[in-house]
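K.L.:
Going by our numbering, the letters in the sequence shown line up with residues 18 to 1073, in that order.
Built from N, CA and C at the ideal position, the CB exists for glycine as well.
Take a look at the following structure, please.
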Amino acid sequence: MMILLLRSCLLLPFVDAAGRHGGVHLASQAAALLRWKSTLQSSPPTLDSWRQGTNPCTGNWTGVACDVVRLGNRSPLAVTEISLSNAGIDGLLGELNFSALPFLTYVDLTYNSLGGEIPLAITSLPVLSFLDLSANMLQGNIPPEFGNMPSLTQLGLGNNNLTGRIPKSIGNLTMLGFLVSGNNMLTGPIPEELGKLTNLELLEMCGTLLSGQIPKSFGNLTRLNTLYLYSNNLSGPIPPSLGNLSKLMDLELSDNRFSAEIPVALLSLTELNILSLEKNELTGSIPYEIGLLPNLSTLGLSTNQLSGTIPQSLGNLTFLNYLSLHDNELVGSIPAEVGALVNVQTMSLATNKISGRIPVTFKNLTNIRLLYLFENKLSGPLPREFANNFSHLIDIDLGNNSLSGELPSDVCKGGNLEMFVVTINMFTGAFPTSLKTCRSLKILSLGHNQITGDVSSLGPYPRLVKAELGRNNLSGCLTKAWASSINLTSFYMHQNMITGSLPPEFSKLEKLEELVINGNKLTGKIPAELSNLVSLYTLDLSQNQFSGHIPQEFGQMGNLQYLNISANNLSGLIPQEIGNCIKLISLAFSHNSLSGDLPMTIGNLRSLQIVLDVSNNRLTGRLPTELGDLALLEMLNLSHNEFTGSIPSSIGSMDSLSTFDVSYNNLEGALPTGGLFHNASIRWFLHNKDLCGNLSGLPLCSSIPKMKHHNSKIHNESLAISIPMCIVIILSISVIVILHKRKGPLKDSSTTVIRDVLSVWNFDGKLAFEDITEATENFSNKYIIGSGGYGTVYKAQLQGGRLVAVKKLHPSIEDMSYEKGFLSEIDVLTKIRHRSIVKMYGFCSHPRYKLVIYDYIERGSLCAILKNEELAKELDWQKRVAIAIDVAQAIYYLHQECNPPIIHRDITSNNILLDADFKAYVSDFGIARILKPDSSNWSVLAGTYGYIAPELSYTSMVTTKCDVYSFGVIVLEIIMGMYPTELLSLVSMGLPQELAMEDMLDKRPSSPIILEKKEIALLVEVAFACLQTSPRFRPEMQDVYQKLVLHKRHPFALLA
């Protein structure tokens, strides 16, 4: 009571002032609230009770509370509280006249959409003790005048868009118990003055841009129990003075740049429940004393540079439920004492250099839910009782080790298991019993081991998304039980010993995208019902014993990109309907007993890029001229058949073709000219009837007796066609020239013709050919900003001021019959939306020009910037790391998120563009899919020299792993500041370690700090993994991207 009387006395002068402005009267307070309501974007239902003519204190106004205030001899009611959390309010906070509400003690406006700056009037409320404006859209600086509010006990400003520095005056709020300012864009150091807030219990400044060191004065905050400083740019050593905070229970400093060793002083904080130091630059070993924190439930030390062994004292932390030590440089074995952590639910020791065996004591971890031990050097068999007692287990990943022996039989004992991954080990023995009927599974990955067992006993798995069981010793038959896995997207059972037939019930897996069961002993007919798999883009049934015909229903598989049914016992004709699978990139029917003609409809497959292989069959008849329509095809194998007649001349115009094998047939006549026939291998033409041509090993055509009557007939027919055509062409040209001389340029007429054949997509519906030609002054050289194998790039400013990049593709000889294919392909590509991919607006198709319209990216290519001394200096290590991550995310999106996947095929520093902030964008991601090239630019479509994966020199099999290789080259180029010629030579010889990392770094930017060195080392590691000679051993871009961003995640991401 005495405190209230004292406060009333102190406020009397202010009350008098408020009275003069009408703020004392309840009517004035109600008017201020109603006026604020009227300014909101839309009045939320929450405020329906705020009505004119009603009393805010007695009228049950939602979120408004009143109390009696002391005004001299009077004690009127006044508005003292506003509590409108998550009320749907959308407006400006500054529109509320706080001067008219002088008696406010409590204001909670969290989780709304309030914008604008924090009004200074709010800082003049003398009795306000609780103010929380978190989770809005407030902008501007934190007013220094907050320091004049001595009554404040709680101040919440988190989750807004506040900028500037934290005012030093906040240190005057000595009554403050809670201060929350995280998740803003605050910069600068933490003021030393905050060390005066000795009543502070919670301090939350996470997720901002604060820099500098933690003030030593924080050691004075002895009442503090929660300190959140994670996700900033704080650096330097962690101050030992934090060891004075004896009441501290939650200390989270992750995702900063703290360096040096973990201070032992922290380990005297016996009340600590949570200690999170993840993603920093901490060095040294894990202190033994860490085991003296008896109440610790969460310990996060991952993604640092910690070395040495895991201390045995960790076994003392019996309350621990989260242990994360992944991504360090820990060595030695896992101490047996870790098995004493009987309450641990999440344990991640992945990506270290831990060796030895998994301790027998792990059987005691009966509460474990998530266990990650992948990418270490663990060896030997699993403990006998390992995982059999893990009744709460959800995820377990032991992949990429050298573990052996048998897998635990009861790993799914609790029925909660969702992910079981043991790929790339040396496990043997039987398929675990409990996994056979583990209905909770979402990911089952046992590939690259020597597991045995009968697959007919597996399932059902109603929640399964991915099954990867390839490269084992599994046997038995596939059953219709797999049809219950309705969420299945990937099914890999390749290179096992599976027998029996392929159940037609697989056709019920509507989400299935990949079906890979090659290298088994499957028999019977290929089910025609597979055509119902509308999402399928990869089907590999090769190297089995399937018989019967190729189902004509396969022509209904509109999304199929990869089809391989080679090396079976198939017979009959190749169905004409296969020509309807227009998205096919790779098609292989080889090593069967197929007969009849090669259907003309094969020419419809204009997306074929990688291979068309029908070799080693019994195909007859003449080769269809339509093969020449496969302008993107790189490998064509027709060998070991019974084809007759001549090789169509149209094949000579297939500039994409790198391999053309027609050996062991009955072909005759002259080889076509042009294309790959200039430097063809004689092996491609051996064992035919009478082939001739200008090729070493073949007779010249002049030496072969001619069939005069036949040739004469052909000659006469040619004259009959060519002479009239020449006359028509000459007359047409003459008429055009005469009209031009008489009337001048026919601008309007030509415009009409252009619009008749113009196709434009996705650019406000207004983009036209004339807009582009006008903006570039008919493609004047002064607008050129780049050029390459695909064409020339122009900068164009369209009407309305929008800047675009216009790529005029090199001329092509294709006819308008391809237009439908162009439209279809562009329609797909213009729908691609990703923050790190240059937006493609559309494609203009015209007999004279083909134009691709992109967003304009200011700074140009990464290649050009690395060649510019000044810009290369500005491209510091943070930016370079960010560029690598941006590019990785973009390629990952193309490979994994696009359906069907898109292979870029030409990842180079010229195709990575940077904006004004040096953010990276991948360009030219779709040209390889849409262009019908001529000989001058096909080499670019196959890839740019120096970035091409080595396997393309002998297989021409373009896969996503080709992009992965190119990405590895890009990463080294980013690090070295130039194309890595010497280093790639060492990599090709298996000697990348011959060049130290310090010798690799570009010397133009400032030397990297410790954290940046760690990030660079990670990039180098990723680059070398991507540059593996064998594509089999390269990672997928999903793995690359996840590895690069893992250290940026919140410390407790694994709990999600």
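#1: Which two residues bound the contiguous beta strand (DSSP E) that contains Gln814?
#2: Can you give me the Cβ contacts of Leu318 inside the same chain, cut-off strictly under 6 Å, excluding the 5 residues immediately before and after it?
#3: Who are the Cβ neighbours of Asn177 in its own chain at under 6 Å, not counting the five residues just before and after it?
#4: Identify, in the order they occur along the chain, each residue of the same chain with its Cβ nearer than 6 Å to the Cβ of Gly803, setting aside the five sequence neighbours on each side.
#5: What is the DSSP secondary structure of Asp678, reduced to helix, strand or coil?
#6: How big is the Cα-Cα spacing for Leu1077 and Phe336?
#7: Quick one: what's Met192 bridged to in DSSP?
#8: Report the start-end ranges of each beta strand (DSSP E) in the region 190–258 that is 3 residues or longer and not cut off at the edges.
#9: Work out the CA separation of Cys979 and Glu968 for me, nearest whole Å.
#10: Are at least three pairs of beta-carbons, each pair with one atom in the region 542–549 and one in the region 496–512, less than 8 Å apart?
#11: Reducing DSSP to helix, strand and coil, say where Arg274 ends up.
#12: Give me the Cα-Cα distance between Thr637 and Thr661, rounded to the nearest whole angstrom.
#13: If you follow the alpha helix (DSSP H) that Gly985 is in, where does it begin and where does it stop?
#14: How many angstroms separate the CA atom of Tyr3 from the CA atom of Val428?
#15: Could you check which residue in Ala907, Glu1029 and Leu388 has the C-alpha nearest to that of His851?
#16: Cβ of Met1054 within 8 Å of Cβ of Thr977?
#17: Using only CA atoms, which one of Asn406, Arg87, Gln322 and Ser583 lies nearest to His608?
#18: Under 6 Å Cβ to Cβ from Ser632, same chain only, skipping five residues before and after it: list those, please.
#19: Take Val551 and list the residues in its own chain whose beta-carbon comes closer than 7 Å to its own, dropping the five residues that flank it on each side.
#20: Measure the CB-CB distance between Leu227 and Asn261 and report whether it falls below 8 Å.
#21: Taking DSSP's pairing of strands, which residues face Tyr389 in a bridge?
#22: For Ser1024, which three-state DSSP category applies?
#23: On the CB-based measure, 16 or more other CB atoms within 10 Å of its CB, does Lys825 come out buried or exposed?
#24: How far does the beta strand (DSSP E) with Ile99 in it extend, from its first residue to its last?
#25: Closer than 6 Å by C-beta to Leu244: which residues in its own chain qualify, once you throw out the five before and the five after it? Chain order, please.
#26: Please determine if the region 616–630 and the region 982–1000 are in contact, where contact requires at least 3 C-beta pairs separated by less than 8 Å.
#27: Counting only beta-carbon separations shorter than 8 Å, does Ser141 have a partner in chain C?
#28: Just checking my contact of Lys430 with Ser396 at CB under 8 Å: how many whole Å lie between their CB atoms?
#29: Which same chain residues end up closer than 7 Å to Gln593 when comparing Cβ atoms and leaving out the 5 residues on each side of it in sequence?
#30: Once DSSP output is grouped into helix, strand and coil, what is the label at Met19?
#31: Distance check for Ser372 and Ser324, CA to CA, integer angstroms please.
#32: Run through the DSSP bridge pairs and tell me what Tyr339 is partnered with.
#33: Could you check what DSSP says for Thr661 in three-state terms: helix, strand or coil?
#34: Would Phe984 pass as a contact of Ile924 if the rule is Cβ separation under 8 Å?
#35: Determine the closest residue to Asn77 out of Thr63, Thr454 and His511, with distance taken between C-alpha atoms.
#36: Could you have a look at Asp1056 and say whether DSSP puts it in helix, strand or coil?
P.N.:
With the structure as the only source:
#1: Against the sequence shown, residue 814 aligns to sequence position 797. Its beta strand (DSSP E) spans residues Gly808 to Gln814.
#2: Along the sequence shown, one-based indexing puts residue 318 at 301. Taken in chain order, the residues that qualify are Leu294 and Leu342.
#3: Here the question's residue 177 lines up with position 160 in the sequence shown. Asn153, Leu155 and Asn201.
#4: Taking the first residue of the sequence shown as 1, we reach residue 803 at position 786. Val810, listed in sequence order.
#5: One-based indexing of the sequence shown puts residue 678 at position 661. Three-state DSSP puts Asp678 in a strand.
#6: Past the boundaries of the shown model lies residue 1077; the chain is included only from 18 to 1073, so the question cannot be answered.
#7: On the sequence shown, position 175 is the one that residue 192 refers to. BP columns for Met192 are empty, so no partner.
#8: Restricted to the region 190–258, the beta strand (DSSP E) segments that are unbroken, complete and at least 3 residues in length are 195–197, 204–206, 219–221, 226–229, 243–245 and 250–254, listed in chain order.
#9: For the purposes of this step, residue 968 is identified with residue 951 of the sequence shown, where counting begins at 1. For the purposes of this step, residue 979 is identified with residue 962 of the sequence shown, where counting begins at 1. The alpha-carbon of Glu968 is positioned some 8 Å away from that of Cys979.
#10: At 8 Å Cβ cutoff, the stretches do not touch.
#11: Start at 1 with the first residue of the sequence shown, and residue 274 comes out as number 257. Note: Arg274 maps to strand in three-state DSSP.
#12: Here residue 637 corresponds to residue number 620 of the sequence shown, with the count starting at 1. Here residue 661 corresponds to residue number 644 of the sequence shown, with the count starting at 1. Whole-angstrom Cα-Cα distance: 7 Å.
#13: As a first step, residue 985 must be located in the sequence shown, where it is residue number 968. Looking at the DSSP string, the run of the alpha helix (DSSP H) that includes Gly985 is Thr977 to Met993.
#14: Here the chain comprises residues numbered 18 to 1073, so residue 3 is not present and cannot be evaluated.
#15: Numbered from 1 along the sequence shown, position 834 holds the residue referred to as residue 851. Answer by Cα proximity: Ala907.
#16: Here residue 1054 refers to the residue found at position 1037 when the sequence shown is read from its first residue. Here residue 977 refers to the residue found at position 960 when the sequence shown is read from its first residue. In terms of Cβ geometry, Met1054 and Thr977 form a close pair [threshold 8 Å].
#17: Within the sequence shown, the letter at position 591 stands for residue 608. It is Ser583.
#18: Sequence index remark: in the sequence shown, residue 632 carries index 615 (1-based). Ser607, Asn654, Ser656 and His657.
#19: Within the sequence shown, residue 551 is the residue found at index 534, counting from 1. The beta carbon of Val551 sits closer than 7 Å to those of Glu527 and Asn576, all from its chain and outside the five residues before and after it, given in chain order.
#20: Taking the first residue of the sequence shown as 1, we reach residue 227 at position 210. Taking the first residue of the sequence shown as 1, we reach residue 261 at position 244. Cβ atoms of Leu227 and Asn261: not closer than 8 Å.
#21: In the sequence shown, residue 389 corresponds to position 372, counting from 1. Beta-bridge pairing links Tyr389 to Ser365 and Asp414.
#22: As a working note, residue 1024 is residue 1007 in the sequence shown. DSSP places Ser1024 in coil when its eight states are reduced to three.
#23: Here the question's residue 825 lines up with position 808 in the sequence shown. Buried, by the Cβ-count rule.
#24: The residue you call residue 99 lines up with position 82 of the sequence shown. Unbroken beta strand (DSSP E) run through Ile99: Leu94 to Ser100.
#25: As a working mapping, residue 244 is identified with position 227 in the sequence shown. Same-chain partners within the cutoff: Leu220 and Leu268.
#26: Fewer than three Cβ pairs drawn from the region 616–630 and the region 982–1000 lie within less than 8 Å of each other, which leaves the two stretches out of contact.
#27: The displayed structure is made up of one protein chain only, and chain C is not part of it.
#28: Here the question's residue 430 lines up with position 413 in the sequence shown. Here the question's residue 396 lines up with position 379 in the sequence shown. Taking 8 Å as the upper bound for CB-CB distance, Lys430 and Ser396 are not in contact here, some 26 Å apart.
#29: Numbered from 1 along the sequence shown, position 576 holds the residue referred to as residue 593. Residues of the same chain with a CB within less than 7 Å of the CB of Gln593, apart from the 5 flanking positions on each side, are Pro616 and Thr618 in chain order.
#30: Here the question's residue 19 lines up with position 2 in the sequence shown. Only weak support exists for where Met19 lies, its pLDDT of 37 falling under 50; the coordinates are left without a value.
#31: Along the sequence shown, read from residue 1 onward, the residue named residue 324 stands at position 307. Along the sequence shown, read from residue 1 onward, the residue named residue 372 stands at position 355. Spanning the two alpha carbons is a distance of roughly 14 Å.
#32: Walking along the sequence shown from the start, residue 339 turns up at place 322. Note: Tyr339 sits in a beta bridge opposite Thr315 and Thr363.
#33: One-based indexing of the sequence shown puts residue 661 at position 644. Strand.
#34: As a first step, residue 984 is located in the sequence shown; it is residue number 967 there, counting from the start. As a first step, residue 924 is located in the sequence shown; it is residue number 907 there, counting from the start. It is a contact, given that the beta carbons lie within the stated cut-off.
#35: Counted from its first residue, the sequence shown places residue 77 at position 60. Residue Thr63 holds the alpha-carbon nearest to the alpha-carbon of Asn77 among Thr63, Thr454 and His511.
#36: If you number the sequence shown from 1, residue 1056 lands on position 1039. Looking at Asp1056 - three-state DSSP - the assignment turns out to be helix.
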